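**Q** Pasting in a structure now, in structure tokens, and then I'll have a few things to ask.
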Amino acid sequence: MKTAEIIVTLLYSLIVLWWAISAKKQADKSGAKFFASSKTFGALVAGLAAATTGMSGFGFVGGPGLNYKFGSAVMYMGIFFTVSYGLMMWLNGKPMRMMSVITNIETFADLGDVRYGSRTLRFLIAVNLIICIFAYLGAQILAGGYILNSIFGISVKAGGIALLIFTLIYTVYGGMVGSIKVDFLQGILKLFSIIGIIIGFYYITGGMGHATITIASSKLFGPQFIDPIGHPDNIMLPLAMSWVFVLAIGVIGQPHVNTKLYSLKSYKSLKTFGLIGGVGYGIMSLLYILPGTAVLYLVASGQVKPFKVPDETIFHFFNHLPPVLAIILFAGLLAATMSTSSSFLVIGSSIITRDIPKSFKKTLSQKEEVIWGRWALIILTFGAGIFGLYGGYMVALLGVLGLGTFIGASLPVIIGYQWQKASTQAAITSEIIVLFMSIFVSIVYEQVLKQKLPGGIAGYSYMIMFVFIIMIFVSLFTKQSAGDYLPEKMKLYFKHME
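Residue numbers for the sequence shown follow this note's numbering, so the first one is 2 and each next one is one higher.
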């Protein structure tokens, strides 16, 4: 089986490389094409790409790991993340497309600068998003390491580095155009993988009823593991509530998903884009629900010994499948990891070459953005590699950390495009809070010092609540870029939004 896995992996890698490099001519045209694939694709390609980047190695490797560690609470992830695609279209779809017509916008920091007229805010958004990208991209690297460790027998660190370098190569050539083309290809592969997952689940367990009864009657797990809020350590309820809160608004704050809005050829396809993205992700969520439950069944029935590394869950599932089926699913697993990594690399590159320089009144030409953007990809690869491989996190927890900070950093911009009275001072204060909490609370206090916040609620949930409160409270007492003091472009925008 190992020989077949290696052949399939290498063949699949060559196809992806050729497919992405074929986009080089389009990506070379301008920074708008390289960083945002501006007005390039239809709703089917962009929507499925959005679903694919949402369901990453974070979900395919980390999701089953969370299922093994905490039980059925992972169902919340699929349900609420799916709903958030509709919320993204309602809050972000029309504003982002309209502003891309009114002015030259390609990034979230661009949106913040135009809305609030503040280079300071642009810089803070850029810094916060870089932190998010390191965390989320680190999750993909760690997931990739486990995949190649299973296939080639190399170390997890070596596997993560190898997969990231491969992703870097095709992203350098194709930019966001190549990334979306590859995401579409990988999205199709993942949807086919669902069929294999369902067949594999019934092959191993004999059905959901048999699996849940076996898990519930096990002394090792018990009925708590099939109850979404019944974990034996009594920590599942606050953690599940954190997931509900964060995942229900999850996609609206993810630049790697929202950037796909710029790639649509026509704004008229926004609703179709959102529908395809949401339904696609909902189907793909089975990729972590069923394998995780199957492995709980295997351990409960004594076919697999209990293991300490939750991120190995998906590989225990594969090891109990017929060889042909396992090989197909390994390809889908590779697709899940690479699809999100390439998007994050391009977005991070745009922050370094576009957003940060503009914060200091430095502007590169479109061609210069492409050239320097490719060098920035290498810098990001190095930084994310260190964060992911030496940070000591589980794949899923690293991904949720990045997701929570993404939402916190994006909310001041999203609120600003829905509420005319949102002020510059409120947005800047919010971004400072996000920067402080992401570093000193989510990373240092919770992960390094292993401490818990009141109620056991995750730090990123508190962060999001604070941003909501600060945006409203501070805006009531400040006026810059708010109400009658809106920038001229924003007055035009709100006029058309009425």
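Heads up, the beta-carbon is just placed ideally off N, CA and C, and yes, glycines get one too.
The structure presented is a predicted model; accordingly, all values stated were derived computationally and were not measured.
Check whether the stretch 276 to 284 and the stretch 71 to 89 are in contact - that is, three or more C-beta pairs closer than 8 Å.
**A** yes
**Q** Buried or exposed for residue 317, going by 16 or more other Cβ atoms inside 10 Å?
**A** For the purposes of this step, residue 317 is identified with residue 316 of the sequence shown, where counting begins at 1. When all chains shown are included, residue 317 counts as buried.
**Q** Using alpha carbons as the reference points, say which of 432, 345, 419 and 465 lies closest to residue 484.
**A** Indexing the sequence shown from 1 puts residue 484 at position 483. Here the closest residue by C-alpha is 419.
**Q** Ignore the nearest five residues each way along the sequence and tell me which others in residue 16's own chain have a CB closer than 7 Å to its CB.
**A** On the sequence shown, position 15 is the one that residue 16 refers to. Result list for residue 16: empty, nothing under 7 Å.
**Q** Under the assumption that residue 475 contacts residue 435 (Cβ atoms under 8 Å), give the Cβ distance between them as a whole number of angstroms.
**A** The residue labelled residue 475 in the question sits at position 474 within the sequence shown. The residue labelled residue 435 in the question sits at position 434 within the sequence shown. The Cβ separation is near 14 Å, so there is no contact.
**Q** By the 10 Å Cβ neighbour count, where 16 or more other Cβ atoms means buried, how is residue 414 classified, buried or exposed?
**A** Your numbering for residue 414 matches position 413 in the sequence shown. Buried, because 16 or more other Cβ atoms sit within 10 Å of the Cβ of residue 414.
**Q** So, helix, strand or coil for residue 322, using DSSP?
**A** On the sequence shown, residue 322 is found 321 positions in, with the first residue counted as 1. The answer is coil: DSSP assigns residue 322 none of H, G, I, E or B.
**Q** Distance check for residue 198 and residue 146, CA to CA, integer angstroms please.
**A** Position 145 of the sequence shown, counted from the first residue, corresponds to residue 146. Position 197 of the sequence shown, counted from the first residue, corresponds to residue 198. Whole-angstrom Cα-Cα distance: 21 Å.
**Q** Between the alpha carbons of residue 123 and residue 163, how many angstroms are there, rounded?
**A** Sequence index remark: in the sequence shown, residue 123 carries index 122 (1-based). Sequence index remark: in the sequence shown, residue 163 carries index 162 (1-based). Answer to the nearest angstrom: the Cα atoms are 33 Å apart.
**Q** Which of helix, strand or coil does DSSP assign to residue 291?
**A** Looking up residue 291 in the sequence shown gives position 290. Three-state DSSP puts residue 291 in a helix.
**Q** Determine the DSSP secondary structure at residue 490, reduced to helix, strand or coil.
**A** What you label residue 490 is simply residue 489 of the sequence shown in a count that begins at 1. The answer is helix: DSSP assigns residue 490 an H, G or I state.
**Q** With DSSP as the reference, label residue 222 as helix, strand or coil.
**A** For the purposes of this step, residue 222 is identified with residue 221 of the sequence shown, where counting begins at 1. Reduced to three states, the DSSP call for residue 222 is coil.
**Q** Does the beta-carbon distance from residue 75 to residue 290 come in below 8 Å?
**A** Counting from 1 along the sequence shown, the entry for residue 75 is found at position 74. Counting from 1 along the sequence shown, the entry for residue 290 is found at position 289. Their beta carbons are under 8 Å apart, which means residue 75 touches residue 290 by this criterion.
**Q** Would a C-beta distance cut-off of 8 Å place residue 406 and residue 461 closer than the cut-off?
**A** Looking up residue 406 in the sequence shown gives position 405. Looking up residue 461 in the sequence shown gives position 460. Between residue 406 and residue 461, the gap from beta carbon to beta carbon is short of 8 Å.
**Q** Would residue 465 pass as a contact of residue 408 if the rule is Cβ separation under 8 Å?
**A** What you label residue 465 is simply residue 464 of the sequence shown in a count that begins at 1. What you label residue 408 is simply residue 407 of the sequence shown in a count that begins at 1. Yes, these two residues count as a Cβ contact at 8 Å.
**Q** Around the Cβ of residue 297, are there at least 16 other Cβ atoms within 10 angstroms (buried) or fewer (exposed)?
**A** What you label residue 297 is simply residue 296 of the sequence shown in a count that begins at 1. With 16 or more other Cβ atoms within 10 Å, it is buried.
**Q** Round the Cβ separation of residue 152 and residue 7 to the nearest angstrom and send it over; I've been treating them as touching at under 8 Å.
**A** Within the sequence shown, residue 152 is the residue found at index 151, counting from 1. Within the sequence shown, residue 7 is the residue found at index 6, counting from 1. Residue 7 and residue 152 do touch by the CB rule: their CB atoms are close to 6 Å apart, below 8 Å.
**Q** When we look at the beta-carbon of residue 4 and count the other beta-carbons within 10 Å, is it buried (16 or more) or exposed?
**A** Position 3 of the sequence shown, counted from the first residue, corresponds to residue 4. By the 10 Å Cβ count, residue 4 comes out exposed.
**Q** Check this for me: beta carbons of residue 1 and residue 497, under 8 Å apart or not?
**A** For residue 1 there is no data in the structure shown, the boundaries of the chain being 2 and 499.
**Q** By the 10 Å Cβ neighbour count, where 16 or more other Cβ atoms means buried, how is residue 432 classified, buried or exposed?
**A** Taking the first residue of the sequence shown as position 1, residue 432 is located at position 431. Classification of residue 432: buried, given that the 10 Å Cβ count is 16 or more.
**Q** Does the distance from the C-beta atom of residue 49 to that of residue 205 stay below 8 Å?
**A** By one-based count along the sequence shown, residue 49 stands at place 48. By one-based count along the sequence shown, residue 205 stands at place 204. Contact: no.
**Q** Report back the beta-carbon spacing between residue 1 and residue 490 to the nearest angstrom; my notes put them in contact at under 8 Å.
**A** Outside the shown range of the chain (2 to 499) lies residue 1, about which nothing can therefore be said.
**Q** Relative to the C-alpha of residue 477, which residue among 201, 437 and 425 is closest?
**A** Locating residue 477 in the sequence shown gives position 476, counting from the first residue. Of the candidates 201, 437 and 425, the one whose C-alpha sits nearest the C-alpha of residue 477 is 425.
**Q** If you reduce the DSSP assignment to three classes, tell me which class residue 42 lands in.
**A** Indexing the sequence shown from 1 puts residue 42 at position 41. The answer is strand: DSSP assigns residue 42 an E or B state.
**Q** How about residue 11 and residue 410: do their beta carbons lie closer than 8 Å?
**A** As a first step, residue 11 is located in the sequence shown; it is residue number 10 there, counting from the start. As a first step, residue 410 is located in the sequence shown; it is residue number 409 there, counting from the start. Contact flag unset, no.
**Q** According to DSSP, what are the bridge partners of residue 265?
**A** Taking the sequence shown and counting its residues from 1, one reaches residue 265 at position 264. According to DSSP, which records beta bridges pairwise, residue 265 is partnered with 42.
**Q** Considering Cα atoms alone, identify which of 69, 14 and 455 is closest to residue 300.
**A** Residue 300 sits at position 299 when you count from the first residue of the sequence shown. Looking at the Cα atoms, 69 is the closest of the given residues.
**Q** In angstroms, rounded to a whole number, what distance separates the CA positions of residue 71 and residue 293?
**A** Reading the sequence shown from its first residue, position 70 is the one you call residue 71. Reading the sequence shown from its first residue, position 292 is the one you call residue 293. Each residue's Cα considered, the two are about 10 Å apart.
**Q** DSSP three-state label for residue 63, please.
**A** For the purposes of this step, residue 63 is identified with residue 62 of the sequence shown, where counting begins at 1. Residue state, collapsed to three classes: helix.
**Q** Does the separation of the CB atoms of residue 430 and residue 471 fall below 8 Å?
**A** Here residue 430 refers to the residue found at position 429 of the sequence shown. Here residue 471 refers to the residue found at position 470 of the sequence shown. Yes, these two residues count as a Cβ contact at 8 Å.
**Q** Assuming residue 253 and residue 73 make a contact with CB atoms under 8 Å, what is their CB distance in whole Å?
**A** In the sequence shown, counting from the first residue as 1, residue 253 sits at position 252. In the sequence shown, counting from the first residue as 1, residue 73 sits at position 72. In this structure, residue 253 and residue 73 do not form a Cβ contact; the two beta carbons are roughly 26 Å apart against a cut-off of 8 Å.
**Q** Keeping to the same chain, check which residues put their C-beta closer than 7 Å to that of residue 43; ignore five residues upstream and five downstream.
**A** Residue 43 sits at position 42 when you count from the first residue of the sequence shown. Around residue 43: 266 and 270.
**Q** Report the CB separation of residue 314 from residue 113 in whole angstroms; it is logged as a contact under 8 Å.
**A** Here residue 314 corresponds to residue number 313 of the sequence shown, with the count starting at 1. Here residue 113 corresponds to residue number 112 of the sequence shown, with the count starting at 1. That belief does not hold up - the Cβ atoms of residue 314 and residue 113 are roughly 39 Å apart, past 8 Å.
**Q** My assumption, with CB atoms under 8 Å, is that residue 104 sits in contact with residue 356. Please give the rounded CB distance.
**A** Here residue 104 refers to the residue found at position 103 of the sequence shown. Here residue 356 refers to the residue found at position 355 of the sequence shown. With a Cβ gap of about 15 Å, residue 104 and residue 356 do not count as contacting.
**Q** Please say whether residue 167 and residue 350 have beta carbons closer to each other than 8 Å?
**A** Here residue 350 refers to the residue found at position 349 when the sequence shown is read from its first residue. Here residue 167 refers to the residue found at position 166 when the sequence shown is read from its first residue. Going by C-beta atoms, residue 350 is not nearer than 8 Å to residue 167.
**Q** Measure the CB-CB distance between residue 272 and residue 51 and report whether it falls below 8 Å.
**A** Sequence index remark: in the sequence shown, residue 272 carries index 271 (1-based). Sequence index remark: in the sequence shown, residue 51 carries index 50 (1-based). No, Cβ-Cβ distance for residue 272 and residue 51 is not below 8 Å.
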